[in-house]
Structure formats: structure tokens, C-alpha cells
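This report refers to the structure that appears directly beneath it.
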Amino acid sequence: MEKLKRILQRIDGKGYKAYKDIQGSYIGNGFHLHIDYVQGDPFASPSRIRFVAHSLKHPFKSKWFEKPWRKIALEDFLTRQLGEGIRKRQKGKTGKSGTGKSGLISIDEPGQEVIMRTAVIAKTNEVEVRLSIGLPAVGRRILGKQAEVLLCHEVPEIVLAVIHHIQWKKLEEHITTADRQQAIRDYLKREKCICFVANGSILPRESGVSNRPLDRKKAISFQSPSSFERSIPLPDGTTVTGMVIPEGVTLIVGGGYHGKSTLLQAIERGVYNHLPGDGREYVITEETACKIRAEDGRRIEKVNISPFISNLPFGKDTDRFSTEDASGSTSEAANIMEALEMGSRSLLIDEDTSATNFLIRDARMQMLVSKDKEPIMPFIDRVRELYENHGVSSIIVLGGSGDYFDVADRVIMMDEYKPKDVTEEARSITKALNSRRQIEGTDSFTTKMNRKPVPISYESATGRKEKISAKGLSTILVGHSQIDLSSVEQLTDPSQTRAIAEMIRLLFRQYFQNGICLKEGIDRLYERIAKDGLDVISPYYGQHPGDYALPRPFEVAAAINRMRTLKIN
Ligand code: ADP
Ligand code: MG
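Position one of the sequence shown corresponds to residue 811 (my numbering), numbered consecutively onward.
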């Protein structure tokens, strides 16, 4: 660190470019500091450093590294603690420390989900912390003294304070929660169930733009109907009790504003683990579940939507259907087929975000508009076969059509935020009141697609000068065009979007060669990540890789499928 101090003294007062001299690695007492990237000016994206604390006085338990979810929980915990440490420290500061981002220290903090990230890498005896730093300046003049305080004192003090004073009880709880979540996931798989919602869960969120729980005093906590209730044994000897939804076709009905969508949203997010205190930490959904919605305007490239749509006007092909501007129903059909292509075993559908004509065609409409005039095969006539012949379950939120009673295995009614089992009532109604519908889909269909992304799709987007980057949660810029992910609802963290941008680059450059299918290419990349860590997606492997969180393969595919330049063979 003495060397770093000397350089900083030498460049003090010089132009900002002289900061480039501090790039390199330095040795401190119990730590290494790597300055990997130095920003070009005080307003540019911040400098990237790695702080490695080694020879820990209290090493982490080796059993925390035996299972991937435990290591993720451990690193997630450290990231949150470091974020808090930084905030506390910054709050204590008075005044501004210079121009632009001068004095900034930040770490890529997680939201409510606990997912694999690149912010912290832990080993039993070592923690590597990846930080962003604003090197201090006034105007464009280097503030060497402040930089010294920042790099040689503040950063080490903040990081070491967290690492040397771990709140062990809280950390244990974080990891135990992950163990329990995994046990519930294993149970669902073993028992052929889609999801679990624990009694006492808090499902509603603070607001429509927040992921944080609604104040417990205002929320009605979840209580399973007794017929769906099960107790799941947990590895720590305790059990957790709540509602289990088995495979098959499940309806969630109920009056408007009674909590249907809130329940489905919690189920959508259950593909991720949540942190203790989130209210949904024991809402667990099998990890291939995909929210399906209408998304008119999206692009579709050679997707077989023929199970749902055929005989379009002007004889447009629906086996390999392409459009620059999909309609509500064609987009919803494509969203289903693309999810199935990636191996989804359950579809989550909410009438709020569905095309009505995709979900249902009732008896009167069937009488007026004959089948040969209607290209759409409504979902109601496919949902059983999807389950029985393809093993794909559905959970459908529906307040508007009782015709679905005919095809449901079970019906849950939300009544003032409380779920009730109304399956029997729905059955009797079906007997008493025939829907008079003609069943339209009697033919079998295939869900297999062998879509092979063509590498040139990416080149033509970016040109010779490669450029791909994420902007917030729902946009990826590829060359001159953009990928709109605002309808990809299970994407939850902007760091996932950043990761997807890198993954697209890698996939088209290295994985989609020699006619590899979309799913196969993505699977191979995930195998590599499982083996070598999320750092591998970064062009700066071995340095500060950037701030990434692991998306699901479904969201990666969703982004590729929405590329405006995508070509499929
Ligand atoms: P629906 O889809 O049945 O029309 P929503 O799920 O959109 O209803 O819920 C309506 C409102 O009720 C939302 O503002 C939601 O946050 C709130 N809400 C949902 N569940 C609960 C609950 N368990 N306790 C308190 N408020 C809830
Ligand atoms: Mg709703």
C-alpha cells in the first residue's frame, strides 16, 4: 500500500488521466487490493477494484461450500452486509467530496431475491469483494490525498469491519433458510407438485413498483385451505406447513381485487429464493415455471405456433411463424412454445395479461363465428393435452369464464385474500350447467422445435464494432436496435439483464456454431457457469468482471427470441 500512496502523492493535483498510473495490485495488512480499471474522468462509469481479505481469523465453515445454494446464500449475505457497511459510512460523511462521482464506493447489492452474483466471492479462508469507486477530483484535477483516504483507509476499514465482525447468527439463519428452500424444492420434485405457499406468508408487496413486503399490519397472511395443506419436513428437524399445488390444471378464481394476481405473482417469483423476512421466503415454485402473457408488437422468428394458431388469413405459415409485429394471441402462443422449447414444465397465466380470444371461445361465439373462420385454437382446448401428453401443468387466474371448470383438476377461490378449495362446487356447477361448447382441439400436436440461431444474427446487429449493453431491468441495446424485455416478467434484477447481454455475446460468438440448437447452446453455457462460476461470462475474466446476477435460462432465451435481428435456421 506504501507504493500506492507514493503514486498518489506524485500525481496529486495533476490531470485526471494520470490516475491511470494507479492501475495494478497492492499488498496491505491481511488483504490485497487490485485496481483493475481506472475511469477516464470524474463523470465516467466508476473505477473497478477488487479487495481480497485473506487469512481470515474466523474462517467460514467448509460445509457452506458443499452445496451451491449455501455458497450463494453466504455470498449474498456478505454482499448485503457490505452494502449496509458502505451506506453507514457514507452517511457519516459531511459535504461533497469532489466533482462527479468523487468519493463513491458501491457494491452491486441484491434485491429481495437470493441469486448467484459476481459481487462477492467467498472461500473458507478468503473473501474477494468487487467494488466500484469514484476516484476523487476537483474539476479534472486529481485529489491525491482524498484518493489515499478512500483507497488506503475507507475501503479497507469498511470491508474488514464486515469481514472480521460477521453477525454469525444472522448468517446461519440466511444459510438455514436456503437449506429449507432447497428441501422444499426437492419435495416438490419428488411429490410431482408445482408450488408451495407456506402458511403465514406475506404475499402482497409495498406497491406496484416495489418488491418489498407490504407492512405486516396491513397484510392478510396466507392460510392454506385444509384440503391443499401439507407439512414438509425440513433438514433441521422442523417442518413447514402450507398449500401445495400438484401438477395438472389449476384455476385461481375469485372476485376482482380479492388477491388472485398477487398469489400468482408470488408463485411466479417462487422460482427464486427470497431472503428471510421477505414474506415469500417459503413460497417455492418449481424452477421451470414460466409466466405466459400476451405481448403484442413483439417480434417472432420461426416459431411453431400451429398448436394454437392455424389457417391465418392469406395462408401465412404457422409451423415456422415469423412476424415483426405480433398480435395479442400470436404473441401469447409464441411465448408458450418458446417456454416449452426451453423445457418449461409449468405455465402461469393471468387473465389480466392475456388475450381473451387466446384463452376462450364460448358456445355463442362458436355458433356465430364458425371454426373454419377462426385461426385461434383457444388455450382451454389445449390445456388438458398439454398436461396429459406433454407433462406441462398450468395455473390460470380467471375471474371471467367458468367454461374452464370443465378442464380443471382443481379450483382455488380467493375470497378477501383467503384461498378456499371450491373444486367440488365447480364440479357440481359443471354438471348442472353445461357450457355447450364444442371442444375444438382433438388432434395431437408437437411441442418440439429445433431452432438453430444463426451467428450472423448478432454480427448484423452490432456491425464490426461490437456493442451490446443493458439499460436498466428491461432493455438491452444491441448495436442500433434494442431488445425490449418489459414483458418478460420473471426477470427481476438489472444485474441479470447485464448478464444476459454478456451471455448473448458469448452464445452467438462461441456456442451457436455448427448448427447448435437454442436450448443446447444455452445449456452448455450454464454447465460452464456451474463449473467455473458466473465470472466466465465477463470479457474481463480474472479481473473485476462487472456486476452480474444469474438469470434463468428461460429469460436468456426470451431475450434472444426478442432480438430484432435474430435469424433462425
Ligand atoms: P385480483 O387479481 O384478484 O383483482 P390483486 O391480487 O390485484 O387482486 O389484489 C388487489 C389488491 O389487494 C392489491 O393492491 C394487493 O396489493 C392487495 N392484496 C393482495 N393480497 C393481499 C393480502 N393478502 N393482504 C392485503 N392486501 C392484499
Ligand atoms: Mg388480477
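Note that CB positions come from ideal geometry on N, CA and C, so glycine has one too.
**Asked** Since residue 927 contacts residue 1271 with CB under 8 Å, what's their CB separation in whole angstroms?
**Response** Going by Cβ atoms, the distance from residue 927 to residue 1271 rounds to 27 Å, so no, they are not a contact pair.
**Prompt:** Can we count residue 1263 as close to the ligand ADP, meaning its CB is less than 8 Å from some heavy atom?
**Reply:** no
**Contact set for residue 1262: own chain, Cβ-Cβ below 8 Å, skip 5 residues either direction** = 1322, 1325, 1326, 1327, 1328, 1378, 1379
**Request:** Please report how far the alpha carbon of residue 1150 lies from the alpha carbon of residue 1201, in whole angstroms.
**Result:** 11 Å
**Item:** Cβ neighbours of residue 1229 in the same chain (closer than 6 Å, five flanking residues each side left out)
**Value:** 1035, 1222
**Asked** Are the CB atoms of residue 1004 and residue 1043 nearer to each other than 9 Å?
**Response** no
**Asked** Roughly how many angstroms separate the alpha carbons of residue 1154 and residue 1097, rounded to a whole number?
**Response** 9 Å
**Buried or exposed (CB count within 10 angstroms, at least 16 for buried), residue 924** = buried
**Prompt:** Should residue 1340 be labelled buried (16 or more other beta-carbon atoms within 10 Å of its own) or exposed?
**Reply:** exposed
**Asked** Whose C-alpha, out of 1181, 1115, 1104, is nearest the C-alpha of residue 1169?
**Response** 1104
**Asked** Cα separation between residue 1111 and residue 936?
**Response** 47 Å
**Request:** Could you please give the first and the last residue of the uninterrupted beta strand (DSSP E) stretch that includes residue 1149?
**Result:** Segment 1138 to 1151 is the alpha helix (DSSP H) holding residue 1149; no beta strand (DSSP E) there.
**Message:** Using a 10 Å radius around the Cβ and a threshold of 16 neighbouring Cβ atoms, would you call residue 1365 buried or exposed?
**Reply:** buried
**Prompt:** From the DSSP output, which residues share a beta bridge with residue 1083?
**Reply:** 924
**Request:** With a threshold of 8 Å, establish whether the CB of residue 1031 neighbours any heavy atom of the ligand ADP.
**Result:** yes
**Asked** Relative to the alpha-carbon of residue 919, which residue among 1067, 1017, 1306 has its alpha-carbon at the smallest distance?
**Response** 1306
**Asked** So residue 1254 and residue 1195 are in contact, right, with Cβ under 8 Å, and what is the actual spacing, rounded?
**Response** 7 Å
**Prompt:** Sorted by chain position, which residues of the same chain lie with C-beta nearer than 7 Å to residue 907's C-beta, five sequence neighbours on each side aside?
**Reply:** 913, 946, 956
**Request:** Round the Cβ separation of residue 998 and residue 1078 to the nearest angstrom and send it over; I've been treating them as touching at under 8 Å.
**Result:** 15 Å between Cβ atoms; not a contact.
**Prompt:** Where in the stretch 1162 to 1241 do unbroken runs of the beta strand (DSSP E), each at least 3 residues long, occur, reported from the N-terminal end onward?
**Reply:** 1203 to 1207, 1220 to 1225, 1228 to 1231
**Prompt:** The alpha helix (DSSP H) with residue 1313 in it runs from where to where?
**Reply:** 1304 to 1316
**Request:** Look at residue 1250 and residue 1191 and say whether their C-beta atoms are less than 9 Å apart.
**Result:** yes
**Prompt:** From 1291, 1088, 965, pick the residue whose C-alpha is nearest to that of residue 862; which is it?
**Reply:** 965
**Asked** By Cβ distance below 6 Å, which residues in the same chain neighbour residue 1264 in space, the five residues on each side in sequence not counted?
**Response** 1377, 1379
**Request:** May I ask which residues mark the beginning and end of the beta strand (DSSP E) holding residue 1158?
**Result:** 1156 to 1160
**Prompt:** In whole angstroms, what separates the C-alpha of residue 1054 from that of residue 1039?
**Reply:** 6 Å
**Request:** Please state whether DSSP places residue 1284 in a helix, a strand or coil.
**Result:** coil
**Prompt:** Can you give the Cα-Cα distance for residue 1268 and residue 1373, rounded to whole angstroms?
**Reply:** 9 Å
**Asked** Taking 8 Å as the cut-off, is the CB of residue 1291 close to at least one heavy atom of the ligand ADP?
**Response** no
**Request:** Return helix, strand or coil for residue 843, following the three-state DSSP convention.
**Result:** strand
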